[in-house]
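Below: one structure, written as structure tokens.
Numbering (my numbering), first residue to last: 1034 to 1503.
Below, the structure written as structure tokens:
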């Protein structure tokens, strides 16, 4: 086996795989290094298993909204079995075959920078192999859960997202620290699968704080209706778990403590850079790797180092990491061939518009672009239009008591959309139309001629434009 390649990619998650795929497509040789499972966090412990757990809970709620149907009990064992199937029973054999078929060489072990274009890989058996990249090294090591420094928290062996998505026995009582995507999704999923007492402890004053305020309000209302307790302004002072595996008690600055069988910490993630050897090439050892819009790491001589996905801190979303990796791979190929690397397709523009994101709760919450507050803070001449999704004929037909809302943030000077948010059952499939409108900067006058089908929920586009005055 050769130890010299055109490109070495550290990390075989979705971002790393996409980077490898693009450079291989361009005719470059590539090695992909991975210390865990090829396919990464999303495939085995995040996006895929969480949605496999959420889907039956979502369907049960949908059935409950349609007259003539009654939701029955969820077969938890069957749900967990399908989750296991969805994550290939934590076997990455087929994923490794896919990588090797690019073609690329898959190298199992922990990759670490040892100098310019030099990667040292420590295999599971302790053996060490040195790889050299002729053109580029791509960092795609993702992120890891962040556990805040609360007294007693680490000692209580709390769950992180991996424990929640890989659950084997649903606890009867669950406490969740956090109010973001993972906290909301897993609280609702595990409650639907049998956790009778679920308490969401949110440090801030709302759920989903990065979205429009009504998104968190509607999700919180749905959770409360279902029997999940949502406590905002909850500041945790200490955590106690006297016996390993026994009950855990969460003490708060105000209010009664919460006792649970398991405690899920979902308070954010941090880039996995601590053991990459960044200091060897003059970068900070920890924190995100700063990159330019071609995904090239700034501050590294000769520009051979790139970083894509969570590790660069731009957007901790799988689809954005994959997008960045496509840009990165194409840039590397262009530079290796001595071709122009400054064409529009060779720069990350999507992050600047505002990445699309879906929260797969019931109701779903999804958004793209800027919130109203962000747009105003950036100095745009903003006008906002909103509409009750439940008043759309297509929404009414989906079930009784359909609750939802849509909001569009408009740049009045250019008459284009800066951001769009939808909240309601099943609205995730509406988001790409909004993403196209926002990133392509389609004018409202042009958008008026994009006629939505009747009777679908997408007719909310017409209602938003009518609210605007078109």
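We put the CB at the ideal spot given by N, CA and C, even for glycine.
Continuous beta strand (DSSP E) stretch holding residue 1359: start and end
Counting from 1 along the chain shown, the entry for residue 1359 is found at position 326. First-last for residue 1359: 1351-1370, but that is the alpha helix (DSSP H), not the beta strand (DSSP E).
By the DSSP assignment, the beta strand (DSSP E) with residue 1465 in it spans what residues?
As a working mapping, residue 1465 is identified with position 432 in the chain shown. Looking at the DSSP string, residue 1465 is not in any beta strand (DSSP E); the run it does join, the alpha helix (DSSP H), is 1464-1472.
Start-to-end residues for the beta strand (DSSP E) that takes in residue 1404
By one-based count along the chain shown, residue 1404 stands at place 371. It is not in any beta strand (DSSP E) - residue 1404 carries neither H nor E in the DSSP assignment.
Quick one, are the C-beta atoms of residue 1274 and residue 1178 less than 7 Å apart?
Here residue 1274 is taken as the residue at index 241 of the chain shown, counted from 1. Here residue 1178 is taken as the residue at index 145 of the chain shown, counted from 1. No. Outside cutoff.
Could you tell me the alpha carbon to alpha carbon distance between residue 1138 and residue 1092, rounded to whole angstroms?
Taking the first residue of the chain shown as position 1, residue 1138 is located at position 105. Taking the first residue of the chain shown as position 1, residue 1092 is located at position 59. Distance between the alpha carbons of residue 1138 and residue 1092 is about 41 Å.
Would you kindly work out how many angstroms separate the C-alpha atoms of residue 1126 and residue 1074, rounded to a whole number?
As a working note, residue 1126 is residue 93 in the chain shown. As a working note, residue 1074 is residue 41 in the chain shown. Taking the straight line from one Cα to the other gives about 16 Å.
Is there contact between the segment 1064-1074 and the segment 1037-1055, where contact requires at least three CB pairs shorter than 8 Å?
yes
Applying the 10 Å Cβ sphere with the 16-neighbour rule, what's the burial state of residue 1359?
Counting from one through the chain shown, the residue named residue 1359 turns up at place 326. Its Cβ being crowded by 16 or more others within 10 Å, residue 1359 is buried.
Which two residues bound the contiguous alpha helix (DSSP H) that contains residue 1482?
For the purposes of this step, residue 1482 is taken as residue 449 along the chain shown, with counting starting at 1. Careful: residue 1482 lies outside any alpha helix (DSSP H) and carries neither H nor E.
Cβ pair residue 1512, residue 1211 closer than 7 Å:
Past the edges of the chain, shown from 1034 to 1503, lies residue 1512, and the structure says nothing about it.
N-terminal and C-terminal residue of the alpha helix (DSSP H) that residue 1117 is part of
For the purposes of this step, residue 1117 is taken as the residue at position 84 of the chain shown. Per DSSP, residue 1117 belongs to the alpha helix (DSSP H) from 1109-1119.
Are residue 1245 and residue 1472 closer than 7 Å when you measure CB to CB?
Within the chain shown, numbered from 1, the residue matching residue 1245 stands at position 212. Within the chain shown, numbered from 1, the residue matching residue 1472 stands at position 439. No. Outside cutoff.
Ignoring anything shorter than 3 residues, give me the beta strand (DSSP E) runs that lie fully in the segment 1388-1464, in order along the chain.
1390-1392, 1397-1402, 1415-1421, 1438-1444, 1449-1457
Counting along the chain, where does the alpha helix (DSSP H) carrying residue 1209 start and finish?
Indexing the chain shown from 1 puts residue 1209 at position 176. Element bounds for residue 1209: not the alpha helix (DSSP H) but the beta strand (DSSP E), 1206-1210.
Counting only the same chain and skipping the five closest in sequence on each side, list residues whose C-beta sits under 7 Å from that of residue 1348.
Reading the chain shown from its first residue, position 315 is the one you call residue 1348. Excluding sequence neighbours, residue 1348 sits near 1384, 1388.
What separation, rounded to the nearest whole angstrom, lies between the Cα atoms of residue 1316 and residue 1322?
Here residue 1316 refers to the residue found at position 283 when the chain shown is read from its first residue. Here residue 1322 refers to the residue found at position 289 when the chain shown is read from its first residue. About 8 Å.
Extent of the continuous alpha helix (DSSP H) run through residue 1247
Position 214 of the chain shown holds residue 1247. It spans 1246-1259 - the alpha helix (DSSP H) in which residue 1247 sits, taken as one unbroken run.
Just checking my contact of residue 1305 with residue 1175 at CB under 8 Å: how many whole Å lie between their CB atoms?
One-based indexing of the chain shown puts residue 1305 at position 272. One-based indexing of the chain shown puts residue 1175 at position 142. Sure, about 5 Å apart at Cβ, within 8 Å.
Can you tell me whether residue 1252 is buried or exposed? The criterion is at least 16 other CB atoms within 10 Å of its CB, across all chains shown.
Here residue 1252 corresponds to residue number 219 of the chain shown, with the count starting at 1. It counts as buried.
Going straight from the alpha carbon of residue 1326 to that of residue 1373, what length do you get?
For the purposes of this step, residue 1326 is taken as residue 293 along the chain shown, with counting starting at 1. For the purposes of this step, residue 1373 is taken as residue 340 along the chain shown, with counting starting at 1. Rounded to the nearest angstrom, the two C-alpha atoms are 15 Å apart.
Distance check for residue 1259 and residue 1131, CA to CA, integer angstroms please.
The sequence position of residue 1131 within the chain shown is 98, counting from 1. The sequence position of residue 1259 within the chain shown is 226, counting from 1. Cα to Cα, the separation comes out at about 42 Å.
If distances are taken between C-alpha atoms only, which option among 1269, 1438, 1233, 1488 comes closest to residue 1399?
Position 366 of the chain shown, counting from 1, holds the residue named residue 1399. Out of 1269, 1438, 1233, 1488, 1438 has the C-alpha closest to the C-alpha of residue 1399.
Contact between the segment 1102-1120 and the segment 1433-1450 (3+ Cβ pairs under 8 Å)
no
C-alpha distance - residue 1492 paired with residue 1248, whole-angstrom precision
On the chain shown, residue 1492 is found 459 positions in, with the first residue counted as 1. On the chain shown, residue 1248 is found 215 positions in, with the first residue counted as 1. Each residue's alpha carbon lies about 20 Å from the other.
Is it right to say residue 1224 is buried, meaning 16 or more other beta carbons lie within 10 angstroms of its own, or is it exposed?
Counting from 1 along the chain shown, the entry for residue 1224 is found at position 191. Buried, because 16 or more other Cβ atoms sit within 10 Å of the Cβ of residue 1224.
Run of the beta strand (DSSP E) containing residue 1271, from where it starts to where it stops:
Taking the first residue of the chain shown as position 1, residue 1271 is located at position 238. Taken as a continuous stretch (DSSP letters only), the beta strand (DSSP E) holding residue 1271 covers 1269-1273.
Mark residue 1476 as exposed unless 16 or more other C-beta atoms lie within 10 angstroms of its C-beta, in which case mark it buried.
The residue labelled residue 1476 in the question sits at position 443 within the chain shown. Under this definition residue 1476 is an exposed residue.
Check for me: the alpha helix (DSSP H) holding residue 1324 runs from which residue to which?
For this step, residue 1324 is matched to residue 291 along the chain shown. Element bounds for residue 1324: n/a, residue is neither H nor E.
Can you give me the C-alpha to C-alpha distance between residue 1208 and residue 1266, rounded to a whole angstrom?
Within the chain shown, the letter at position 175 stands for residue 1208. Within the chain shown, the letter at position 233 stands for residue 1266. Going from the Cα of residue 1208 to the Cα of residue 1266 covers about 15 Å.
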